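Below is one structure, written out as structure tokens; comments come after it.
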Amino acid sequence: MTSLYELPGARRFEVVSPEGVRLAAVEAGAAHGPTVVLVHGYPDTKEVWGEVAARLAERYRVVAYDVRGAGESSRPEATSAYALRRLADDFERVLDAVAPEGRVHLVGHDWGSVQSWEFATTPELASRIASFTTISGPSLDHLGVLTREGLTRPTPRRISRTVEQGLRSWYVYALHLPVVPDLAWRGLLGRRWPAMMTRAEKTLGAPEPSLSEDGVFGAKLYRANVRRRMASPRPDAIARMPVQLVVPDRERYLAKRLYDELDRFAPDLTRRQVSGGHWVPRTRPDLLARWIGEFVDRVESVDTVAGAVGRERDGRVAVADLVHGKEAGARGPKGRKARRAEENRRRFTGQLAVVTGAGSGIGRATALSLAEAGARLVLVDRDGASATRTADLAEVLGAAEVFAAKVDVSDPAAMEQLAGKVKAAHGVPDLVVNNAGIGIAGSFLETTPEEWKRTLDVNLWGVIHGCRLFGAMMVERGQGGHIVNTASAAAFQPSRSLPAYSTSKAAVLMLSECLRAEFAAYGIGVTAVCPGFVATGITGATRFVGTSADQERSLREKTTKAYKRRGYPPEKVADAILRAVAENTAVRPVTPEARAARAASRFTPRVLRALARVDLPK
Ligand code: NAD
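Residue numbers (this note's numbering): 15 to 632.
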């Protein structure tokens, strides 16, 4: 673990709170860059940020301090000295020392995030905060409001959220016990903690020498604040600056559902999910530093700041409305669409995405949605002209950069070359959509080995090549990423008429699940998307085995008409793909029939087996 004191340009300093509490602080990194203030949690010290700070220090001025009761700072005895308003005084003193005039970018983890919510929602301090990244530490005000709603206006969702969080908070109750936590931290718990954390969190660094005392005094944070603030939460605790929420997918202490309605309390919210446990500052420093950097850069850009200020100024967003989830335009399909577009922009702007089969249908629609979100795109199709056409459209729609490539995904050498070129010219992709695929219909006995081979070469091997080549790059880079593989509802719906197609798609589904398990350790999400009947060009090029050219033409026309009548547009699949990436969904059946087939495959497979015997009309 890198110590903050070893960072380039590191300077120790001390600030003193109004009641005389001394806080040990350090600043390091790029003296003239934007200032990022890192606030640690419990039972940590500022050193928990060592690896993140080392990465940020190249471009930003990084500031971290031991909160009162921790590390090298003073440890007041009275529990009341740990009240949120005292912590806010401390933060204000740090701001006075490092940014008396300008604004800072605040990042909080665990209790550091809990108290940072207090700073971000206290008007005098909020005006000095340009952005806030919150990791594994909710606002006690928000928890209080949500708990109260759960009790006064119960719905099954609210009740289960409250119960889940109640169960996950077992340690909070334990920390309220008299004497016991002190004895535990100074005894067995203090000794065992490092081993316990290494087991639970995998790669936690060495503990701080002050761990036992940090554990004893930090417990006062809970006692001074949790019950009191949750009993009377501030209903107007709204963070108006851009807020970035980072949610670890293996979080033990917080229910993910706590954040479902966070937009009410942080209207300018960017959500990120990271593969990891509670201590991601130690286990995922690369990714965290990258996200913090991207967020800071975005907020620093004049547009965003001006937009946020304008929005605040025109007063459309009334505090009470936000608390009750009624932000102007947030309701109704139009509001939802606008909100989703904004979410997509936050998630994908500047990200590098490779989409195969981008010349038509689902691939083209996905490429265009990513273009609207401001992504950088590499668009691949065996039909070069159609890929170029998509690229032209993407450019018009606002893609940050677009490149079209004519590549057959079933050709290993061509895919290897593509991957090499992408890496050299554009870098490692953040998102890969292995979507290229072909249709084939007809009985097993009539399907020739060549037809089997071609189907598996494109539908399965094309996906394998994409996952292998780009997945390896993502792993090597160590900053996560996402892979989407287009499977099909045919992956779980057997059919006597689609043996080759269904087999190829079932293989893609299983490949995606296996890969998801393997790549989770690297923070790379994998999604299998399973559309149903979607009106695209696929039916016009589907091979109908065992038919004459005339019969095949007529079958293609008939099927195309049927798909058109069904009328499910590829844009909706693109929407589902972007959402699945944002939410890191494992399997995403898209159309209602795909969802029904997935449910039936789990609960009533016999029904699907009976349906499988129905032959396609000729
Ligand atoms: P589409 O025919 O409109 O688009 C497929 C694109 O992939 C075309 O541009 C085509 O040129 C390209 N392509 C085909 N083989 C390729 C290869 N070897 N190398 C590079 N590019 C190649 O079809 P679509 O419906 O958009 O299909 C996209 C994916 O969705 C496919 O994997 C398909 O199996 C799957 N899918 C489609 C439906 C549907 O109803 N349309 C349903 C379920 C799954």
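The beta-carbon is built from N, C-alpha and C at its ideal position, and this holds for glycine as well. Since the model is a prediction, treat every value here as computed from it, not as a measurement.
Judged by DSSP secondary structure, residue 138 falls within the alpha helix (DSSP H) whose first and last residues are 137–140. Put simply, of 593, 558, 545 the residue whose alpha carbon is nearest the alpha carbon of residue 581 is 545.
Taking a contact to require three or more Cβ pairs closer than 8 Å, the segment 452–465 and the segment 503–522 qualify as touching. DSSP links residue 448 through a beta bridge to 499. Within 7 Å of the C-beta of residue 397 there is at least one heavy atom belonging to ligand 1. Taking a C-beta distance under 8 Å as the contact criterion, residue 230 and residue 199 qualify as a contact pair. Residue 478 sits in a helix when the DSSP states are folded into three classes. Residue 383 places its beta carbon 8 Å or farther from that of residue 258. Residue 103 and residue 204 have their C-alpha atoms some 30 Å from each other.
Distance between residue 60 and residue 497, taken at the CA atoms: about 35 Å. A contact is defined here as three or more CB-CB pairs under 8 Å, and the segment 69–87 fails this definition with respect to the segment 147–163. DSSP places residue 414 outside both helix and strand once states are collapsed to three, so it counts as coil. Taking 7 Å as the cut-off, one finds no heavy atom of ligand 1 near enough to the beta carbon of residue 583.
Annotation for residue 270: 261 place their beta carbon closer than 7 Å to its own, counting only its chain and skipping 5 residues before and after. Fully enclosed alpha helix (DSSP H) runs of no fewer than 4 residues occupy 225–245 of the segment 207–250, in order along the chain.
Relative to the non-hydrogen atoms of ligand 1, the Cβ of residue 358 never comes closer than 7 Å to any of them. Between the C-alpha atoms of residue 92 and residue 445 there is a straight-line separation of about 51 Å. Judged by DSSP secondary structure, residue 566 falls within the alpha helix (DSSP H) whose first and last residues are 563–580. For residue 287, the three-state secondary structure derived from DSSP is strand.
Less than 8 Å divides the Cβ of residue 300 from the Cβ of residue 493. Proximity of the beta carbon of residue 547 to ligand 1 is indicated: a heavy atom of the ligand is located closer than 7 Å.
Beta-bridge analysis with DSSP links residue 143 to 118. Annotation: the continuous beta strand (DSSP E) that includes residue 539 extends over 538–544.
Residue nearest to residue 359 within the set 386, 368, 303 is 386 (criterion: CA-CA distance). Separation of the CB atoms of residue 480 and residue 423 is rounded to 7 Å, and the pair is thereby assigned contact status at 8 Å.
For the 8 Å CB-CB criterion, residue 37 and residue 29 form a contact. By the criterion of a C-beta distance shorter than 7 Å, residue 163 is surrounded in its chain by 172, once the five residues flanking it on both sides are discounted.
A check of alpha carbon separations from residue 398 across 371, 41, 412, 388 identifies 371 as the nearest.
Here residue 96 is buried, its C-beta having at least 16 other C-beta atoms within 10 Å. A straight-line Cα-Cα distance of about 11 Å links residue 531 and residue 541. As the crow flies, the alpha-carbon of residue 504 is around 40 Å from that of residue 309. Within the same chain, 382, 385, 386 come within 7 Å of residue 411 by CB-CB distance, once the 5 residues on both sides are set aside. Two segments are said to touch when three or more pairs of C-beta atoms, one from each, lie closer than 8 Å; by this definition the segment 278–297 touches the segment 58–78. Inclusion of residue 472 in the 7 Å shell around ligand 1 follows from its C-beta lying nearer than that to a non-hydrogen atom of the ligand.
For residue 596, the closest C-alpha among the options 414, 365, 434, 440 is that of 365.
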